[in-house]
Amino acid sequence: NAGVTQTPKFRVLKTGQSMTLLCAQDMNHEYMYWYRQDPGMGLRLIHYSVGEGTTAKGEVPDGYNVSRLKKQNFLLGLESAAPSQTSVYFCASNQGRTEAFFGQGTRLTVV
Amino acid sequence: GQQVMQIPQYQHVQEGEDFTTYCNSSTTLSNIQWYKQRPGGHPVFLIQLVKSGEVKKQKRLTFQFGEAKKNSSLHITATQTTDVGTYFCAGGSSASKIIFGSGTRLSIRP
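Protein chains in written order, with the working numbering: chain G, 44 to 154; chain P, -3 to 106.
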């Protein structure tokens, strides 16, 4: 089983550029999440989805957009990247209040 | 909004010593989960507690959920070098989103 797969694994962007991070899960989970992890800050929830076609804001949603057009995919978009968005991004999925499975992470640097 | 605080931020212990991390929520939780993240890795689920006052053990790890369902702790007895990593608690709310604590980074002197 692949579990949760994130692409790309690494990316360097220039300030103002846009990009989309893709998260795919093959466990038929209803819930999907995007987190960012900065040193000493733990995991902060950006956006999440409780089902296909639904999205909701988390703790730090500004500067990001998401879409869940298919149940297995959750996309995170940065419309105009800023250096403050340099971070490691993790996608996770679960089936309601159960164990969350995480992807390997995407290391994003904005210069 | 819901906040989950975790202390301490860092803990450096001698191998063989015990370790404890504490998690406190600003709101009553439906459940609490614990995860471990090895350096350079991704969080991996350890356990979930649901009932008020619940205590669960996994070998040298003991997890507790407070009576009011607003706090939790993870205790490791006689740490080993394989315990190195960051331990996160994660609180489940009625809205089903998972809010993580800031984590406790454990390092160990052999």
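All residues carry an ideal CB built from backbone N, CA and C; glycine is no exception.
Bear in mind the structure is a predicted one, so any value in this text is a computation, not a measurement.
With burial defined as no fewer than 16 other Cβ atoms inside 10 Å of the residue's Cβ, what is the status of residue i: buried or exposed?
| i | result |
| --- | --- |
| P/His35 | Reading the sequence as shown, one finds Pro at residue 35 of chain P and not His. It is exposed - the Cβ of P/Pro35 has fewer than 16 other Cβ atoms within 10 Å. |
| P/Asn27 | buried |
| P/Ile3 | exposed |
| G/Phe145 | buried |
| G/Met75 | buried |
| P/Pro39 | buried |
| P/Lys65 | buried |
| P/Gly97 | buried |
Beta-carbon separation of residue i and residue j under 8 Å?
| i | j | result |
| --- | --- | --- |
| P/Gly12 | P/Thr82 | no |
| G/Gln115 | G/Gln80 | no |
| P/Gln(-2) | P/Thr100 | no |
| P/Thr16 | P/Ser68 | no |
May I have the straight-line CA-CA distance separating residue i from residue j, to the nearest angstrom?
| i | j | result |
| --- | --- | --- |
| P/Thr58 | P/Val9 | 18 Å |
| G/Val55 | G/Ser123 | 13 Å |
| G/Met84 | G/Gln60 | 25 Å |
| P/Ser48 | P/Phe61 | 6 Å |
| P/Ile43 | G/Phe133 | 20 Å |
| G/Lys57 | G/Ser130 | 14 Å |
| P/Asp14 | G/His72 | 37 Å |
Looking at the C-beta of residue i, does it have a partner C-beta in chain P at a distance below 8 Å?
| i | result |
| --- | --- |
| G/Gly96 | no |
| G/Ala67 | no |
| G/Ala143 | yes |
| G/Phe53 | no |
| G/Met84 | yes |
| G/Leu107 | Just to set this straight, residue 107 of chain G is Tyr in the shown sequence, not Leu. No, G/Tyr107 does not count as interfacial toward chain P. |
Is there at least one Cβ from chain G nearer than 8 Å to residue i's Cβ?
| i | result |
| --- | --- |
| P/Gln44 | yes |
| P/Ile3 | no |
| P/Pro35 | no |
Give, in chain order, every unbroken run of the beta strand (DSSP E) that is at least 3 residues long and sits entirely within the segment 89 to 127 of chain G.
-> 108 to 110 and 116 to 121
Considering only residues of the segment 56 to 92 of chain G, which uninterrupted beta strand (DSSP E) runs meet the minimum length of 3 residues and lie entirely inside it, listed in chain order?
-> 62 to 68, 74 to 81 and 85 to 92
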